[in-house]
């Protein structure tokens, strides 16, 4: 109360609320106080004296020198002012790191090494011409200035010092940066300031999550295999030093089983997470759109690799991924590098006969399984049916042809392409199912249902929506003459018997 009364005797307006307060490193009886309207006051608890530090522009942050005789403040116009506490009337040094007409500096830290080299780190203060974006600036005594652009809004940062005492000279080895959606630790000892790789990453929403797949009792051998291939995915641009933050103890698996979580993202990536502990641990990351050719002429909304559905068989380790643009990819898990060619199957279009004659044979109660002599199977090097407009529809994407070498892990083996009506009317996949025991994939769209053989890479049969609901004359069901095994006949017979005998 005494300090408040003493302060208001010398000012005409209220300074606002207290924004920051810090004790002097060498004299704990001195408090440096920053008010909301930008004024800085040094209050001596012993002598009850008040010193005011007034600048042309309001102060937004401050940091002590380790000797306790100076401090630095960041102002609203992007300047750094150095003050001597014994000369409050005028600052002794003014720095303009990014020139004139800059945004305000919201946080600053001032450190010195044992040989006197200073290190200044501050957030904000960029030129107004560059716009408003989150950044962190690192200045050294050699006049080198490095600006790090952040992906998320900056909340706060703190240097990681070797000593907990603020009254001694220090040269931090790293700086921890807390952002709105992430945590970074930047290595200050390596040129370019790379980041330390986070041991507990929190980037599950790095790209928007479109679908998830959860397994409560995952085999240990699968988790080990995913962790092994995931450890070989060395991320570029990270520091080779270990994570500098220590402390705490991890909780062991609370359940008696291993949990696995798969997340499909908007950018086409699939992340495998171990969910058994108290936090999600990334095991492996798969980019499901790498086996498609890039076409910069396509609009972003026209061809998308966003993952919409995921099916994983824990026994066979087969992974089925459906994407937004009508592409379905089967991945096989391979422990070593492999080189092979991807098989492409174009799903027959159904909208051509859906818009045809609807008056023909509506009341026929009998369904006949018609065999077709030629299986519909297109290799990836057939460019005339992988991209562009054909009689069977429009295909916006094309699979990379030829034999390509791929790293260990999940490798694409089969791609099924669903044709679009035209370039502006996509045909999306609405349902998928995988049966590795029978070697069959079921693919459903808004107008058709198709069964695909995983052994011979051919279409077993395909129905239109009118066939399934008996609204129209039955179209031919496609079945390869090469399928002489009775396994397929039994499978199709059971499916047809179940489908057409269901009431309603």
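Residue numbers (full-length UniProt numbering): 1 to 504.
All C-beta atoms in this analysis are idealised placements derived from N, C-alpha and C, irrespective of residue type, glycine included.
In this structure, the alpha-carbon of residue 76 lies about 36 angstroms from that of residue 246. Straight through space, the alpha carbons of residue 417 and residue 156 are spaced by roughly 48 angstroms. Taking 7 angstroms as the cut-off, the Cβ atoms of residue 434 and residue 441 count as close. If you look at residue 323, you'll find it isn't in any alpha helix (DSSP H); it sits in the beta strand (DSSP E) that goes 319-323. The beta carbon of residue 423 lies closer than 6 angstroms to those of 394 in the same chain, with the five residues before and after it left out. Only residues of its own chain outside the window of five on either side were considered, and among them 134, 150, 151, 152, 153, 154 and 155 have a CB closer than 8 angstroms to the CB of residue 179, listed in chain order. Distances from the CA of residue 323 to each of 241, 53 and 209 were compared; the closest alpha carbon is that of 209. The stretch 43-76 is shown to contain whole beta strand (DSSP E) runs of 3 or more residues at 50-53, 59-64 and 70-75, in chain order. A contact between stretches requires three or more CB pairs, one per stretch, nearer than 8 angstroms, and the stretch 54-61 meets this requirement with the stretch 97-111.
Nearest in C-alpha terms to residue 189, of all of 83, 168 and 160, is 160. In this structure, residue 259 sits near residue 216, with a CB-CB distance shorter than 7 angstroms.
The count of Cβ pairs closer than 8 angstroms, one atom from the stretch 304-315 and one from the stretch 265-282, reaches three, so the stretches are in contact. Comparing alpha-carbon positions, the option among 172, 199 and 192 lying closest to residue 183 turns out to be 199.
Take the alpha-carbon of residue 170 and the one of residue 131: they are about 34 angstroms apart. Under the three-state reduction of DSSP, residue 130 is assigned to helix. Sorting 290, 347, 196 and 227 by C-alpha distance to the C-alpha of residue 335 places 227 at the top. Taking all protein chains in view, the Cβ of residue 174 is crowded by 16 or more other Cβ atoms within 10 Å, so the residue is classified as buried. Listed in chain order, the non-local C-beta contacts of residue 128 below 8 angstroms within the same chain comprise 101, 102 and 103, local neighbours out to five positions each way being set aside.
For the pair residue 139 and residue 56, the Cα-to-Cα distance works out to about 23 angstroms. The residues 226, 227, 230, 272 and 274, in chain order, have a CB closer than 6 angstroms to that of residue 283 in the same chain once the five nearest residues on each side in sequence are set aside.
Here residue 464 really is in contact with residue 447; their C-beta atoms are around 6 angstroms apart, less than 8 angstroms.
When secondary structure is reduced to three states using DSSP, residue 465 falls in the helix class. Following the DSSP letters along the chain, one finds residue 431 inside the beta strand (DSSP E) bounded by residues 429-435. With contacts defined by Cβ atoms closer than 7 angstroms, residue 238 and residue 201 do not form a contacting pair. Secondary structure of residue 182 (DSSP, three-state): coil. For the pair residue 338 and residue 214, the Cα-to-Cα distance works out to about 28 angstroms.
A direct Cα-to-Cα measurement between residue 286 and residue 345 gives close to 22 angstroms. Counting the other Cβ atoms within 10 Å of the Cβ of residue 398 gives 16 or more, which makes it buried.
Looking at the DSSP output, residue 34 shares a beta bridge with 20 and 40.
Note on residue 47: under 16 other CB atoms within 10 angstroms of its CB, so exposed under the neighbour-count rule.
Around residue 439, the same chain offers 453, 454 and 455 as residues with beta carbons nearer than 7 angstroms, after the five sequence neighbours per side are excluded.
By the Cβ neighbour-count rule, residue 419 is buried, with 16 or more other Cβ atoms within 10 Å of its own.
Of the residues assessed, residue 466 falls on the buried side of the cut-off, its CB having 16 or more other CB atoms within 10 angstroms. In the DSSP assignment, residue 226 falls outside any beta strand (DSSP E) and within the unbroken alpha helix (DSSP H) covering 220-231. In the assembly as shown, residue 313 is an exposed residue. Its beta-carbon has fewer than 16 other beta-carbons within 10 Å. A residue is called buried once 16 or more other Cβ atoms fall within 10 Å of its Cβ, and residue 145, having fewer, is exposed.
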